[in-house]
Amino acid sequence: MPTTNCHPTAKGRKHGTHWPGLPHPSPFDHSHPISNELQLLSHSLYIMMMRDSEVKIMWVVVAVAAVFLVCMSSINKVEAQPQVPCYFIFGDSLVDNGNNNRMASLARANYLPYGIDFPSGPTGRFCNGKTTTDVIAELLGFDDYIPPYASTRGRAILGGVNFASAAAGIRDETGRTNKYEWTDEDSAADYLSRCIYTVGMGSNDYLNNYFMTAYYTTSRRYTPQQYADVLAQQYSQQPRTLYNYGARKVAVIGVGQVGCSPNELAQNSANGVQCVQKINDANDMFNVRLRSLVDNFNRNLAGAKFIYINAAGVFNDILTNPSRYGCCGVGKNNGEITCLPYQTPCQNRDEYVFWDAFHPSEAANLIIGRRAYAAESPSDAYPYDIRQLAQV
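Under the numbering used here, the first residue of the sequence shown carries the number 16, and numbering increases by one thereafter.
Spelled out as C-alpha cells, the structure:
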C-alpha cells in the first residue's frame with residue numbers, strides 16, 4: 016500500500032438502576048426483558064475525569080456473565096455460525112465504535128467525515144471506515160459488527176459487545192478507577208470460556224500521560240523501563256479479572272508505532288518526517304512486557320489461552336517508507352488536531368495509512384486486522400494467531 020503522502024496511524028447493582036456515568040440503562044433492566052432461556056448479567060467499570068473540558072472515560076474491568084437456564088438446543092440458530100459464539104472488545108479510540116456518542120466529551124467521532132466509507136456512515140468510529148476489530152469480527156464469521164455497549168440490549172449481547180471507549184487508559188491519572196462486582200458470575204463460565212476477547216490499551220498512557228510533560232510528572236518519576244514495568248503490572252490485573260469471570264481465549268493487542276502518528280510528526284519530529292524514536296522505544300519496552308504477560312498467564316492460569324498481537328511489528332511493515340500526513344485534520348501534517356465536523360478529507364483514502372492525527376485509516380486497519388487473525392509472519396502473533404485461538 017503506497018504511503019508516499021500520509022500515515023494511519025460496589026457491589027452488585029439492582030435491575031432497573033443506572034450504572035454510574037453511563038448515559039443509558041443497563042441492557043439487562045427489566046424494561047428490556049430477554050428470553051427466559053437466558054439471563055445475562057454484566058457490569059463495567061468506567062471512569063470519567065475532566066481535563067480541559069474533555070471527559071476522559073476508561074474501563075478498568077468488565078465482566079460479562081451469561082447463565083443458561085435451559086439447554087442451548089432451545090435457542091434459535093442461524094445456518095451460518097461464527098467460529099466462536101461471542102466476541103467481546105476492550106480498548107480505546109482505536110476500536111471504539113460509538114460508546115462515547117452521547118457523552119459530554121470531545122472524544123467523539125459521530126460526525127462526518129468520520130465514517131465516510133463505513134456502510135452506515137458516522138457511528139462513533141475514529142476512522143473513515145472499519146476498525147481492526149470490525150475486520151476481526153468479519154473474519155470470525157459474525158454476520159454483523161460487534162455492537163457498542165451503550166446501545167446494546169437484551170439477547171443481542173449474546174454475540175458479544177464492544178466496551179471500548181475513546182481516551183481510555185491504564186493508569187489512574189489517565190482515568191480514575193471505580194469497581195463494581197457481581198456475585199453470580201460462576202455459572203456463566205462455560206459459555207464465556209468459548210468466546211474471544213481482544214484487549215488493547217496503553218497508547219493514551221504514553222501520549223496523554225508519560226509524554227505530556229506539561230500536565231503530568233510521570234516521566235520525571237519513572238524511567239521508560241520503570242514506566243513499562245508499572246504499566247504492565249497494572250494492565251495485568253484487567254485480563255486476569257476477565258479470566259476470573261470465565262474468559263479463556265484472550266488476545267492482548269500491543270501498542271502500535273505511536274511515534275509515527277501525524278500528531279507526533281507535527282509536534283515532536285525533528286523534520287516532520289522521521290518518527291519520534293523515543294516514543295516508539297518506550298512503547299516497545301511495554302510491548303515486550305505484554306508478551307511476557309501472555310507467557311505468565313498461560314503458564315499459571317488453568318485453561319488460559321492468551322495470545323499477543325504484535326501491532327507495532329505489523330505497523331512497522333506498513334510504515335517502511337514513513338510519510339507525513341493524515342487524510343483528515345488540521346495544521347502541520349494534518350496532525351495537530353483530529354478531523355473537524357464536515358471537513359473535506361483526502362480523496363485517495365485507500366493510499367493513506369493514517370486517517371487523522373492519531374488513528375489508522377481503514378486501509379491500514381484491514382492489514383492489521385487480517386494479520387492479527389491470520390499471521391503472515393511468525394512475529395505477527397504469539398504463540399499463535401486469532402484464527403487458531405478460535406479453534407482451540
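Glycine is no exception: its CB is placed at the ideal position from the N, C-alpha and C atoms. As the structure is a prediction and not an experimental result, all values here were calculated from the model.
In chain order, what residues of the same chain have a beta carbon less than 6 Å from the beta carbon of residue i, not counting five sequence neighbours either side?
{"i": "Asp-371", "result": "Gly-341, Cys-343, Gly-344, Thr-353, Cys-354"}
{"i": "Gly-274", "result": "Cys-290, Val-291, Ile-294, Asn-295"}
{"i": "Tyr-127", "result": "One point to set straight first is that residue 127 is Leu, not Tyr, in the sequence displayed. Answer for Leu-127: Pro-137, Tyr-357, listed in chain order."}
{"i": "Leu-207", "result": "Gly-261, Ala-262"}
{"i": "Leu-154", "result": "Tyr-388"}
{"i": "Phe-312", "result": "Ala-319, Phe-321"}
{"i": "Lys-29", "result": "Per-residue confidence for Lys-29 stands at a pLDDT of 33, beneath the threshold of 50, marking its modelled position as unreliable; the derived number appears in the next sentence. Nothing listed; no residue qualifies."}
{"i": "Arg-229", "result": "According to the sequence shown, residue 229 is Ala rather than Arg. Correct list: empty, nothing qualifies."}
Name the residue from the options whose alpha carbon lies nearest to the alpha carbon of residue i.
{"i": "Thr-167", "options": "Ile-324, Lys-320, Phe-103", "result": "Phe-103"}
{"i": "Thr-238", "options": "Tyr-230, Tyr-225, Ile-268", "result": "Tyr-225"}
{"i": "Ile-322", "options": "Ser-208, Thr-228, Asp-400", "result": "Asp-400"}
{"i": "Ala-387", "options": "Gln-249, Gly-350, Phe-330, Ile-324", "result": "Ile-324"}
{"i": "Ala-410", "options": "Gly-271, Pro-393, Ala-183, Val-176", "result": "An answer regarding residue 410 cannot be provided, because it is not within the stretch 16 to 407 covered by the chain."}
{"i": "Ile-185", "options": "Gly-130, Tyr-250, Ser-234", "result": "Tyr-250"}
{"i": "Lys-303", "options": "Thr-228, Asp-244, Ser-392", "result": "It is Val, not Lys, that sits at residue 303 in the sequence shown. Nearest C-alpha to Val-303: Asp-244."}
{"i": "Phe-330", "options": "Phe-178, Ser-392, Asp-187", "result": "Ser-392"}
{"i": "His-374", "options": "Lys-145, Arg-170, Met-118, Ser-135", "result": "Lys-145"}
{"i": "Ala-458", "options": "Gln-406, Ala-396, Asp-220", "result": "The structure shown does not extend to residue 458, since the chain spans only 16 to 407, so no value can be given for it."}
{"i": "Val-407", "options": "Gly-384, Ser-394, Gly-318, Ser-276", "result": "Gly-318"}
{"i": "Asn-125", "options": "Arg-209, Asn-283, Pro-163", "result": "Pro-163"}
{"i": "Met-118", "options": "Ala-229, Asn-283, Ala-165, Val-267", "result": "Ala-165"}
{"i": "Ser-376", "options": "Ser-284, Ala-396, Ser-276, Gln-282", "result": "Ser-276"}
{"i": "Ala-396", "options": "Ser-284, Val-267, Thr-335", "result": "Val-267"}
{"i": "Ser-218", "options": "Arg-314, Ser-135, Gly-269", "result": "Gly-269"}
Over what stretch of residues does the beta strand (DSSP E) that includes residue i continue unbroken?
{"i": "Gly-174", "result": "No beta strand (DSSP E) contains Gly-174, which DSSP labels as neither H nor E."}
{"i": "Gly-106", "result": "102-106"}
{"i": "Val-265", "result": "264-268"}
Keeping to the same chain, check which residues put their C-beta closer than 7 Å to that of residue i; ignore five residues upstream and five downstream.
{"i": "Asp-67", "result": "Its pLDDT being 32, under 50, Asp-67 is placed unreliably in this model, and the value from its coordinates should be taken loosely. Once the five neighbours on either side are set aside, Asp-67 has no close Cβ partner at all."}
{"i": "Val-265", "result": "Tyr-212, Val-214, Pro-254, Leu-257, Phe-321"}
{"i": "Gln-240", "result": "Met-300"}
{"i": "Phe-157", "result": "Pro-97, Tyr-102, Gly-174"}
{"i": "Arg-402", "result": "Tyr-388, Ala-389"}
{"i": "Met-65", "result": "With a pLDDT of only 28 at Met-65, under 50, the local geometry of the prediction cannot be trusted, and the value read off the model is given with reservation. Excluding positions up to five away in sequence, the list is empty."}
{"i": "Arg-152", "result": "In the sequence under discussion, the amino acid at residue 152 is Ala, which differs from the Arg named in the question. So the list reads Tyr-102, Tyr-160, Ile-161, once near-sequence residues are dropped."}
{"i": "Ser-394", "result": "Asn-325, Gly-328"}
{"i": "Pro-398", "result": "Ile-322"}
{"i": "Arg-209", "result": "Val-99, Pro-100"}
Start and end of the alpha helix (DSSP H) containing residue i?
{"i": "Thr-213", "result": "Taken as a continuous stretch (DSSP letters only), Thr-213 belongs to no alpha helix (DSSP H), being part of the beta strand (DSSP E) at 211-215."}
{"i": "Tyr-323", "result": "Tyr-323 -> not in any alpha helix (DSSP H); beta strand (DSSP E) instead, spanning 320-324."}
{"i": "Ala-241", "result": "Sequence inspection shows Gln at residue 241; the Ala mentioned does not correspond to that position. 239-259 is the extent of the alpha helix (DSSP H) around Gln-241."}
{"i": "Phe-301", "result": "292-315"}
{"i": "Gln-403", "result": "401-406"}
{"i": "Arg-123", "result": "Counting along the chain, Arg-123 falls outside any alpha helix (DSSP H), and DSSP gives it neither H nor E."}
{"i": "Asp-149", "result": "147-154"}
{"i": "Asn-116", "result": "From DSSP, Asn-116 is part of no alpha helix (DSSP H); its letter is neither H nor E."}
{"i": "Pro-277", "result": "277-282"}
{"i": "Leu-207", "result": "204-208"}
{"i": "Leu-377", "result": "The sequence shown places Glu at residue 377, not Leu. Looking at the DSSP string, the run of the alpha helix (DSSP H) that includes Glu-377 is 377-388."}
{"i": "Ser-234", "result": "233-236"}
Do the CB positions of residue i and residue j come within less than 8 Å of each other?
{"i": "Phe-301", "j": "Leu-222", "result": "no"}
{"i": "Gly-106", "j": "Met-216", "result": "yes"}
{"i": "Arg-140", "j": "Phe-133", "result": "yes"}
{"i": "Ile-211", "j": "Val-99", "result": "yes"}
{"i": "Val-176", "j": "Ile-161", "result": "yes"}
{"i": "Ile-131", "j": "Asn-116", "result": "no"}
{"i": "Gly-350", "j": "Asn-278", "result": "yes"}
{"i": "Ser-108", "j": "Ala-182", "result": "yes"}
{"i": "Asn-348", "j": "Leu-404", "result": "no"}
{"i": "Tyr-231", "j": "Glu-188", "result": "yes"}
{"i": "Thr-147", "j": "Gly-346", "result": "no"}
What does a CB cutoff of less than 8 Å around residue i pick up in its chain, not counting 5 residues either side in sequence?
{"i": "Met-16", "result": "Low confidence applies here, because Met-16 scores a pLDDT of 44, under 50, leaving its location unreliable; read the following figure in that light. Ile-333, Asp-365, Glu-366, Val-368, Ala-378, Ala-379, Ile-382."}
{"i": "Ala-15", "result": "This structure leaves residue 15 out entirely; the chain is present only between 16 and 407."}
{"i": "Cys-86", "result": "Reliability of the predicted coordinates at Cys-86 is poor, the pLDDT of 37 falling under 50, and the value obtained from them is presented with this limitation in mind. If we look at Cys-86 and ignore the five residues flanking it on each side, it has no Cβ neighbours."}
{"i": "Leu-316", "result": "Arg-255, Tyr-258"}
{"i": "Ala-95", "result": "Gly-156, Asp-158"}
{"i": "Gln-282", "result": "Gly-350, Glu-351"}
{"i": "Ser-284", "result": "Cys-290, Val-291"}
Beta carbon of residue i: closer than 7 Å to some heavy atom of the ligand NAP?
{"i": "Leu-381", "result": "Judged by which ligands are present, the structure shown has none, so any question about the ligand NAP falls away."}
Any C-beta of chain E sitting closer than 8 Å to the C-beta of residue i?
{"i": "Tyr-258", "result": "Protein chains in the displayed structure number just one, and chain E is not present."}
Any 3 or more C-beta pairs closer than 8 Å across the segment 355-367 and the segment 306-315: no
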